[in-house]
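K.L.:
This structure is in structure tokens; I'll ask about it shortly.
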Amino acid sequence: MDKTWQDMSQIQPQVMTMLQNSITKNRVAHAYLFEGEKGTGKQEISNAFAKSLLCEAPTAGYEPCELCRNCKRISSGNHPDVHLIERDGLSIKKEQIKGLQEEFSKKSVEADRKVYMIADADKMSVGAANSLLKFLEEPLADTVAILMTEQLQRILPTILSRCQVISFKPLSPENVKRKLIEQELEPQLASVIAHITQNVEAGIELSHDEWFVQAQKIVVKLYEVLKLNSLKALLYLQEDWFTHFKEREQVDRGLDLLLLIYKDLLYIQLDKKDFVVFQNKLKEFETHALHLSPRRLAEHMGCILEAKRKLMSNTNPQLLMEQLVLNLQEGS
Ligand SMILES: [Zn+2]
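Taking the working numbering, the leading residue of the sequence shown gets 41, the next gets one more, and so forth.
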């Protein structure tokens, strides 16, 4: 099922407003360059935009109806005036761009407008890029190009200067979470992962990573033991933590997870319980947040951030964790 204009407005509100304006104010550019990380909706929005350009009965003048022949054919990828070029192997070849040009030099098959999209535009061969450049220099009246890239710095300046560049922001945690749940991740895990990565694919990978799934449980447990007493916490470090968090990057990830717990306490203190990541621990965290002054909480968070910094400057991870556990105990 294709994403609607509305769906995409939730994910990339600024981009959608910009595109909407270009249509309603009759300022559609000849060429756009959509740039942003993987999973930020570039392809979905290209499709939605192509539909809004060709739709027979757009709502409010820009929003595709999703029901007309044009919308339906774009959704199924077989509209004769809408072309998507994807790389053939490692690169986009000159012949692919040539083929497109031939296709476009004919009179439009049906619609007044033609749209072509080039995914991974940074992967164009030199020949392909030069061919495209000629095409961009002499744009046909009703042709709209949508180039997409995750690597803006790899786009030739000559191409860049002929495109209107639209930047796609990384997804917000709520959007990542929603997408992960759509992929049938359990909501609690989706919530944690959405705060660790802004990339849905990386998130799905993490959910299959046994180490990570286990890691978040160990971090919660460490936090709970910390609340009991420091001796037990130090023991827990020895018995469970260090056997799981061996590499420096692993410890770093562990600290990120621990920080999420303290942020949860902060959200509770600020009465923003909807933002709490570990919703399954809400009751417990509420009691803790009640007994912790905002100043102490800020200090605790500072200690974790400090530990992250020290970790990167080569402090022994074991000493660092022991020190952290003692610091987090103080006055709590
Ligand atoms: Zn339509």
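Built from N, CA and C at the ideal position, the CB exists for glycine as well.
Determine the DSSP secondary structure at serine 116, reduced to helix, strand or coil.
P.N.:
Coil.
K.L.:
What is the C-beta distance between valine 240 and glycine 79, in whole angstroms, given that I count them as a contact (C-beta under 8 Å)?
P.N.:
That belief holds up - the Cβ atoms of valine 240 and glycine 79 are roughly 4 Å apart, short of 8 Å.
K.L.:
Would you say leucine 364 and alanine 347 are within 8 Å of each other, going by their C-beta atoms?
P.N.:
In contact: leucine 364 and alanine 347 (Cβ atoms closer than 8 Å).
K.L.:
Looking at the strands, I want to know which residues DSSP matches up with histidine 123.
P.N.:
DSSP output for histidine 123 lists Tyr156 as bridge partner(s).
K.L.:
Is there at least one non-hydrogen atom of ligand 1 closer than 7 Å to the beta-carbon of asparagine 87?
P.N.:
Answer for asparagine 87: no, Cβ out of range of ligand 1.
K.L.:
Using CA coordinates, which residue listed in Leu275, Trp251 and Glu226 is at the minimum distance from asparagine 320?
P.N.:
For the residues Leu275, Trp251 and Glu226, the minimum Cα distance to asparagine 320 belongs to Glu226.
K.L.:
What I want to know is whether the C-beta of leucine 120 ends up closer than 7 Å to one or more non-hydrogen atoms of ligand 1.
P.N.:
The sequence given here places proline at residue 120; leucine does not occur at that position. False, no ligand heavy atom lies under 7 Å from that Cβ.
K.L.:
Which same chain residues, not among the five before or five after arginine 153, have their C-beta less than 8 Å away from its C-beta?
P.N.:
So the list reads Leu93, Leu94, Asp121, Asp182, Thr183 and Val184, once near-sequence residues are dropped.
K.L.:
According to the neighbour-count rule (16 or more other Cβ atoms, all chains shown, within 10 Å of its Cβ), is serine 49 buried or exposed?
P.N.:
Buried is the call here.
K.L.:
Residues in its own chain within less than 7 Å of lysine 29 by CB, not counting five upstream and five downstream?
P.N.:
Past the edges of the chain, shown from 41 to 372, lies residue 29, and the structure says nothing about it.
K.L.:
Following the continuous alpha helix (DSSP H) through serine 86, name the residue where it begins and the one where it ends.
P.N.:
It spans 82-94 - the alpha helix (DSSP H) in which serine 86 sits, taken as one unbroken run.
K.L.:
Pick from Phe325, Gly294, Asp296 and Leu295: whose alpha carbon is nearest that of glutamine 309?
P.N.:
Among Phe325, Gly294, Asp296 and Leu295, the Cα nearest to that of glutamine 309 is on Phe325.
K.L.:
Roughly how many angstroms separate the alpha carbons of glutamine 83 and glutamate 126, rounded to a whole number?
P.N.:
So the alpha carbons of these two residues sit roughly 11 Å apart.
K.L.:
Measuring from the CB of cysteine 105, is there a heavy atom of ligand 1 at a distance below 7 Å?
P.N.:
Checking the Cβ of cysteine 105 against ligand 1 gives yes.
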